[in-house]
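Numbering follows full-length UniProt numbering, in which position 14 of the sequence shown is assigned residue number 14; successive positions increment by one, without gaps.
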Amino acid sequence: MKISIEQAKTIYREAIDPMASDGESASWWEEVTAEVEEVASARTERDAAAVIAWWHHDWSLVSDTPGAAVRRIRRAARAGR
């Protein structure tokens, strides 16, 4: 699934961080876009969660989990099609 940076911003803000701003660097948004694409197109939720599991420290700060984030990302990506 190919996702534009603008679509990735919308998905990321809806699913992860509504405060993420356009002030983030272009390279940061490119990395987010690549990860959102991977999560959205992963065969299973477990495979998708492995893509973003490295965010673990951030998840633990807000009592979130990669699996819950994956479900939100995939739901937002499907809604944006």
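Where is the CB? At the ideal position from N, CA and C, for every residue including glycine.
Proximity to residue i [Cα-Cα], best of the options
i     : options                       : result
Gln7  : Gly67, Val51, Ser21 and Val36 : Val36
Ala49 : Ala68, Asp17 and Ala26        : Ala68
Glu31 : Glu14, Asp47, Trp55 and Met19 : Trp55
Gly23 : Lys9, Glu14 and Ile16         : Lys9
Glu45 : Val62, Ser21 and Arg72        : Arg72
Straight-line gap, residue i to residue j (C-alpha atoms, nearest Å)
i     : j     : result
Tyr12 : Val51 : 14 Å
Asp64 : Met1  : 25 Å
Pro18 : Ser27 : 19 Å
Contact belief for residue i with residue j at Cβ below 8 Å, rounded distance in angstroms
i     : j     : result
Thr33 : Ile16 : Between Ile16 and Thr33 the Cβ distance is about 13 Å, and since that is not below 8 Å, they are no contact.
Worksheet entry | Contact the stretch 69-81 vs the stretch 34-47: 3+ CB pairs below 8 Å | yes
Practice prompt. With a floor of 4 residues, list each alpha helix (DSSP H) that falls wholly inside the stretch 14-69, ordered by position along the chain.
Written response: 26-41, 45-52 and 56-61
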